[in-house]
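Engineer: My structure is below; once you've seen it, I'll send some questions.
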């Protein structure tokens, strides 16, 4: 009997001794809580080779959720709860790291993906951070080498924003709109020179804009109509700071004009203005940003030659070309100043 007990003990001890180790719990560089601007959160795990899975829907991460490489930066500027768990073959999954953020400004974060279209090109960023592109009714193809993409923008070229605040570009580059210091057309994404901590992007027909987490706007590409907001009027082949703008929370670009919204809710516009799309009461192009007589704005959107603005109270204003009914005012006449769209609230 004693011999049988001794054998049982010998069988149990080795099994306990080889229990799988647990992966280290991921860490966030920034604690949750209330923040009044974009938060750049670095996600790390100490266990070598471990794979971090991330959610923002309140559920604990599983092996089927989006992957985040250790050391990646997540741009968080919408209220959400980040949860991270690390996995490694032959190890037990880590505990869950959670942080709830309340953010008062708007912007991209890892989440539902994004889509954009321009000319004959359509681009989609999926929730797992991959990018697909298709043209002229062709099947979508994945853009190789791009990961963690949170937003895309399309002109005659394409911009992609990644979760770590970098910007990549490809397509036409005859005006330097790819921001790689050349005029060479790129069929594969190249990183835009000298930009970090970007939270928003916008693409005009042949120019590009980026908003960084510190509220500053950078512009590059064609400046034929002043759409870069820079003087002299020459094109720029690398991102250049628009010096007259600060504390910006939203941007967009039309064919030849550009827009920015301040944290206080003011709108600035610059560039082409043949159809009144700047909203300053004129049809004169502006080579530097001008303030529009509209307050309480949270977001702007630019069409080719018209502009929309969403206000904090839920109302929507439009200005610029109305030839195809794009202003929603019931008229086909262009307007050079913001006009309320009746029935939207």
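In the working numbering, the protein residues as written are -4 to 340. Ideal Cβ positions, reconstructed from N, Cα and C, are used throughout, including at glycine. Since this is a predicted model, take the numbers as computed values, not measurements.
On the premise that residue 293 lies in contact with residue 249, defined as a C-beta separation below 8 Å, what is that separation, rounded to the nearest angstrom?
Structural biologist: The Cβ separation is near 19 Å, so there is no contact.
Engineer: For residue 168, count neighbouring C-beta atoms within 10 Å of its own C-beta (all shown protein chains included) and say buried if the count is 16 or more, exposed if not.
Structural biologist: buried
Engineer: Classify residue 283 as helix, strand or coil using the three-state DSSP reduction.
Structural biologist: strand
Engineer: What is the DSSP secondary structure of residue 29, reduced to helix, strand or coil?
Structural biologist: strand
Engineer: Quick one: measure Cβ to Cβ for residue 271 and residue 282, integer angstroms, because I've assumed they're closer than 8 Å.
Structural biologist: At roughly 17 Å, the Cβ-Cβ gap does not stay under 8 Å, so residue 271 and residue 282 are not in contact.
Engineer: Is the region 191 to 203 touching the region 250 to 264 in the sense that three or more CB pairs, one from each, lie closer than 8 Å?
Structural biologist: yes
Engineer: Among 244, 49, 218, which has the Cα closest to the Cα of residue 234?
Structural biologist: 218
Engineer: Grouping DSSP H, G and I as helix and E and B as strand, with all else coil, what is residue 169?
Structural biologist: coil
Engineer: Do residue 262 and residue 212 have their C-beta atoms within less than 8 Å of each other?
Structural biologist: no
Engineer: Is DSSP giving residue 266 helix, strand or coil here?
Structural biologist: DSSP places residue 266 in strand when its eight states are reduced to three.
Engineer: Among 20, 43, 66, which residue has its Cα nearest to the Cα of residue 35?
Structural biologist: 66
Engineer: Tell me whether the region 170 to 178 and the region 75 to 84 touch, counting them as touching only if at least three CB pairs, one residue from each stretch, are closer than 8 Å.
Structural biologist: no
Engineer: What's the C-alpha gap between residue 308 and residue 336?
Structural biologist: 13 Å
Engineer: Taking just the CA atoms, how far does residue 306 sit from residue 195?
Structural biologist: 19 Å
Engineer: Mind listing, in chain order, the continuous beta strand (DSSP E) runs of no fewer than 3 residues lying wholly within the region 106 to 161?
Structural biologist: 109 to 113, 116 to 120, 126 to 130, 144 to 149, 152 to 157
Engineer: Unbroken beta strand (DSSP E) runs of length 3 or more, entirely within the region 228 to 263: which are they?
Structural biologist: 231 to 236, 243 to 248, 252 to 257
Engineer: Residue 190: which of 220, 91, 236, 161 sits nearest, CA to CA?
Structural biologist: 161
Engineer: When the distance is taken between beta carbons, is residue 273 closer than 8 Å to residue 285?
Structural biologist: yes
Engineer: In terms of residue numbering, what span does the beta strand (DSSP E) encompassing residue 184 cover?
Structural biologist: 181 to 186
Engineer: Give a yes or no on whether the C-beta atoms belonging to residue 156 and residue 193 are separated by under 8 Å.
Structural biologist: Yes; because the gap between Cβ atoms is below 8 Å, this pair is in contact.
Engineer: So, residue 62 versus residue 21, is the Cβ gap smaller than 8 Å?
Structural biologist: At a Cβ-Cβ threshold of 8 Å, residue 62 and residue 21 do not count as neighbours.
Engineer: Report buried or exposed for residue 97, applying the criterion of at least 16 other Cβ atoms within 10 angstroms of its Cβ.
Structural biologist: exposed
Engineer: Name the DSSP beta bridge partners of residue 203, please?
Structural biologist: 198, 215
Engineer: What does the alpha-carbon distance come out to for the pair residue 176 and residue 243?
Structural biologist: 26 Å
Engineer: Spatial neighbours of residue 328 within its chain, please: CB distance less than 6 Å, with the 5 preceding and 5 following residues excluded, ordered by chain position.
Structural biologist: If you ignore the 5 residues before and after residue 328, its C-beta comes within less than 6 Å of the C-beta of 317, all in its own chain and listed in chain order.
Engineer: Under a Cβ-count criterion, where at least 16 other Cβ atoms within 10 Å of its own Cβ denotes burial, should residue 84 be classed as buried or exposed?
Structural biologist: exposed
Engineer: According to DSSP, is residue 272 part of a helix, a strand, or is it coil?
Structural biologist: coil
Engineer: Quick check on residue 223: buried or exposed, where buried means 16 or more other Cβ atoms within 10 Å of its Cβ?
Structural biologist: buried
Engineer: So, with DSSP's three-state summary, where would you put residue 208?
Structural biologist: coil
Engineer: Around the Cβ of residue 139, are there at least 16 other Cβ atoms within 10 angstroms (buried) or fewer (exposed)?
Structural biologist: exposed
Engineer: So for residue 98, helix, strand or coil by DSSP?
Structural biologist: The DSSP-derived three-state label of residue 98 is strand.
Engineer: Determine the burial state of residue 103: buried for a count of at least 16 other Cβ atoms within 10 Å of its Cβ, exposed for fewer.
Structural biologist: Bear in mind that the predicted position of residue 103 carries a pLDDT of just 43, short of 50, making it too unreliable to give a figure here.
Engineer: Is it buried or exposed, residue 18, if we count other Cβ atoms within 10 angstroms and call 16 or more buried?
Structural biologist: buried
Engineer: Excluding the five sequence neighbours on either side, which residues of its own chain have a C-beta within less than 7 Å of the C-beta of residue 179, listed in chain order?
Structural biologist: 168
Engineer: Does the Cβ-Cβ distance between residue 290 and residue 266 come in under 8 Å?
Structural biologist: Taking 8 Å as the cut-off, the beta carbon of residue 290 is found no closer than this to the beta carbon of residue 266.
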